[in-house]
Amino acid sequence: MHISFTTHKGTRAFAGLLTAACLTSMLLLSGAAYADDTVSPDAGLNATEQSTPDGNTAVTGDTESNGTGESEAVDASDEAPDAESGANDGNAADGDSDSQDGNPAPDDQGGQGADSTDDPGTEPDPPVDPDPVDPDPEEDPTPPDGWFEDNAGWHYRQNGKLKTGWLVYKNKYYLLNSKGVMLTGWQQRSGSWYHFNGSGAMETGWKKLSWDSKKAWYYLGGNGKMRTGWLKYDGHWYYLGKDGAMRTGWLKDDGYWFYLGRNGAVRTGWQSIDYNGAKTWFRFDGGGRMYTGWTKSGGFWYYLGGNGAMRTGWQAVGGEWYYLSDNGKMDTGWLKYKGSWYYLLSNGMMVSDTWLRIGGVYYYFKPHGDVPSVNYPTEGSLTSKQQSVLKYTSKTPWPGPGYCAGWVNTVFSNAFGSKKYPALGNADDMYYGWGDSGNLNNLRTGMIIAVPSHTHTWAGYYYGHVGIYAGNGKVVDSASAGLRTVDLGSWMYWYGITHTPKWGWLNNISLR
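Have a look at this one:
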């Protein structure tokens, strides 16, 4: 539009105001999109931005129709707007704009006009060419998860981070230290020991491993922890020391001895074990504890010493003597040992220093247990004098009850004459006169055997009893019912109740 000016001062002023108002309206219409730089440039007019080689922006504005259907592009100025004049987008009348008295164009009072500087004397900053946009530096691709090795050893990356502590990988356990390095060999965690093989996998079960350069068997539980102490495995007991190593050989635990075979399993029952350079029998209960003392097995008694070794031969236990055969079984009954006879009770105790009736016969057992009366003959061939005495024991008749001493005197008188053997008194006289020994080793055929008193008869109580030893463990005497031949042991047991029988040569005349 075209506005003419007059010379009238008022008219000119009004025209100026009208021009400013028109400019302001045009700015509101064409420059509203640039008033707020937070809004996209294409949010207002239909304009497009094109970057110029120097980095400034050229705006292709609205097109005007020329009535022929063709449009003409309206180019915006590629110069920076003057801070001292109102921006008009090239839409001002005739392309001109007037400055009144050198003052800047007034603000549109609405905050949507072109920017102006507060200080009209300050030149605007020259346009700055924008730096070309550098692409972001290429980042290293995220390393893949899984195992990888470096100079420190093997590591495991999980979710882009180094894994530490326990790791389960393909159903196997691994342990990585605080720096993520995979551990191998013996490792202690929370007071328990674990072992990891050369591939780092935690081991379980029986393993033969080295510790301080010494190899031994160890047992690692299902959780990998090294076991110590007693372990029951596949029905057998094993013992693992405080260091975890499997023990073999002798072991003492809780006051009991155990024996562990070469495979470590506890031995039970009878076991033949090398002991002091010789094979020796030991016995262990079902839990492997070694027996000592008396033990019964298969119906027989055995004696195991304080060291557990099975004993054989003569053994003194609790002040009594026992005899154990070569296979360790305790003997009972009659035992012949080095030419002498002994008797062992049903509990194995040897009979000693007493009389004992066995099979209806009384036997005397010496203090050390042997029984000479069952070892006859105890002397060589008999002399003629001994044979003569034996002859007259069967030829001299019974004198009647109460005459035991008289019958003995008559036998000797018939054999050797009355001058050598006159009447020599009662049984007690013979006992005290010629009964000089109670040692069975000194007893010989033809000797008298007597007691000074006994309680079976009135006469015996006052005068005792006497007989003649006939050899082979037999005694001939004159009893209340007649002449008789009885076993030496039975005779001594019957008459030895109050006094120990003694024997010797009658009238001190030896028949040897």
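Residues -35 to -1, 1 to 477 in mature numbering (1 follows the signal peptide of the UniProt record, and there is no 0) are what the sequence shown lists, from first letter to last.
Positions of the beta carbon are idealized from the N, C-alpha and C atoms, including for glycine.
This structure is a prediction, so every number in the text was calculated from the model and none was measured.
- Residues of the same chain with a CB within less than 8 Å of the CB of Gly313, apart from the 5 flanking positions on each side, are Trp266, Tyr287, Tyr288, Met295, Asp296, Thr297 in chain order.
- A Cβ-Cβ distance of about 6 Å is found for the pair Tyr307 and Met315, placing them in contact under the 8 Å criterion.
- Segment contact: the stretch 435 to 453 against the stretch 384 to 400, fewer than three CB-CB distances shorter than 8 Å; contact not assigned.
- Distance from the Cα of Gly324 is smallest, within the candidate group Gly251, Ser455, Gly469, for Ser455.
- If one requires a minimum length of 4 residues, the alpha helix (DSSP H) runs lying completely within the stretch 406 to 453 are 423 to 428, in chain order.
- For Ala281, the uninterrupted beta strand (DSSP E) segment begins and ends at 278 to 282.
- Taking a contact as a CB-CB distance under 8 Å, the pair Met167 and Tyr221 does not count as one, their CB atoms being some 35 Å apart.
- Apart from sequence neighbours up to five positions away, the residues of its chain that approach Tyr204 with a beta-carbon distance below 8 Å are Gly194, Trp195, Leu196, Met211, Arg212, Leu216, Asp218, Phe223, Leu225, Gly229, Val231, ordered along the chain.
- A straight-line Cα-Cα distance of about 10 Å links Ser164 and Trp119.
- Shortest Cα-Cα distance from Val336 to any of Asn272, Leu405, Asn374 involves Leu405.
- Taking the Cα of Ser262 as reference, the smallest distance to any Cα among Lys128, Gly293, Ala380 is reached at Gly293.
- The residues Tyr434, Trp468, Gly469, Trp470, in chain order, have a CB closer than 7 Å to that of Met412 in the same chain once the five nearest residues on each side in sequence are set aside.
- Uninterrupted alpha helix (DSSP H) stretches at least 4 residues long and entirely within the stretch 338 to 399 occur at 349 to 360, 369 to 381, 392 to 399, given in chain order.
- Residue pairing of His120 in beta bridges, as defined by DSSP: Phe113.
- For Leu408, the CB contacts under 7 Å within the same chain, skipping 5 residues up- and downstream, are Tyr434, Trp468 in chain order.
- Ranked by Cα distance from Ser445, the first of Gly432, Tyr121, Tyr396, Ser305 is Gly432.
- DSSP lists Ile323 as the bridge partner or partners of Val326.
- Rounded to the nearest angstrom, the gap between the Cα atoms of Arg122 and Trp131 is 13 Å.
- The C-alpha of Lys135 lies about 16 Å from the C-alpha of Thr169.
- Take Ala243, set aside five residues on each side of it, and no residue of its chain has a beta-carbon closer than 8 Å to its own.
- Looking at the DSSP output, Asp239 shares a beta bridge with Lys244.
- When the alpha-carbon of Tyr458 is set against those of Leu269, Ser359, Thr319, Lys303, the nearest one is in Thr319.
- Non-local C-beta neighbours of Ser378 in its own chain, meaning closer than 6 Å and more than five positions away in sequence, comprise Tyr386, ordered along the chain.
- With a minimum length of 3 residues, the unbroken runs of beta strand (DSSP E) contained wholly in the stretch 115 to 175 fall at 118 to 123, 130 to 134, 137 to 141, 150 to 154, 157 to 161.
- For Trp470, there is no enclosing beta strand (DSSP E), since its DSSP letter is neither H nor E.
- Counting only residues of its own chain and dropping the five nearest sequence neighbours on each side, Gln152 has a CB closer than 8 Å to the CB of Leu140, Trp158, Tyr159, His160, Phe161.
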